[in-house]
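Residue numbers (the UniProt record's numbering): 1 to 111.
Pasting the structure below:
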């Protein structure tokens, strides 16, 4: 697990903010311009760009500029880090609950 800890920490840090989670959710539907993404958020465009830069720095989105328009796209593969980590945690906890269930239901374990 330590081999991807720094990258995973960055992803969780980026997703810790509700504005950034909403940006990721919106980009899940497809690429959007920064201007379109910023609509609906109660903040200035420079403040919104800080969120975009955080998401980009942690590998969750990529941006490309064409003329005056900057477009953002979700990097779905980066979310696989979270999925892998959650799957690992799920396996650990399922094994623990299986052992607990065995202890509770097996009369020989209780002696």
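For glycine and all other residues, C-beta sits at the position ideal for the given N, C-alpha and C.
**Q.** Beta bridge counterpart(s) of residue 69 as assigned by DSSP
**A.** One-based indexing of the chain shown puts residue 69 at position 69. 66, per the DSSP bridge assignment.
Q. Mind checking residue 12: buried by the 16 CB within 10 Å criterion, or exposed?
A. Against the chain shown, residue 12 aligns to sequence position 12. Exposed, by the Cβ-count rule.
Q: May I ask you to list the residues that DSSP assigns as paired with residue 33?
A: What you label residue 33 is simply residue 33 of the chain shown in a count that begins at 1. In DSSP, residue 33 forms a bridge with 71.
Q | Given 8 angstroms, three or more beta-carbon pairs between the stretch 33-44 and the stretch 76-84 | A | Because the criterion of three Cβ pairs below 8 angstroms is not met, the stretch 33-44 and the stretch 76-84 do not touch.
Q) From residue 90 to residue 10, what does the alpha carbon distance come to, in whole angstroms? A) For the purposes of this step, residue 90 is taken as residue 90 along the chain shown, with counting starting at 1. For the purposes of this step, residue 10 is taken as residue 10 along the chain shown, with counting starting at 1. Linking residue 90 to residue 10 through their CA atoms gives a straight-line distance of about 21 angstroms.
Q. Does the distance from the CB of residue 32 to the CB of residue 71 come in under 8 angstroms?
A. As a working mapping, residue 32 is identified with position 32 in the chain shown. As a working mapping, residue 71 is identified with position 71 in the chain shown. The Cβ atoms of residue 32 and residue 71 sit closer than 8 angstroms to each other.
Q.
Measuring straight from C-alpha to C-alpha, what distance separates residue 30 and residue 74?
A. Looking up residue 30 in the chain shown gives position 30. Looking up residue 74 in the chain shown gives position 74. Their Cα atoms are separated by approximately 8 angstroms.
Q.
Less than 8 angstroms between C-beta atoms, sequence neighbours within five positions excluded: which residues of the same chain meet that for residue 8?
A. Residue 8 sits at position 8 when you count from the first residue of the chain shown. Taken in chain order, the residues that qualify are 81, 82 and 85.
Q | Span of the alpha helix (DSSP H) around residue 48 | A | Here residue 48 refers to the residue found at position 48 when the chain shown is read from its first residue. For residue 48, the enclosing alpha helix (DSSP H) starts and ends at 45-57.
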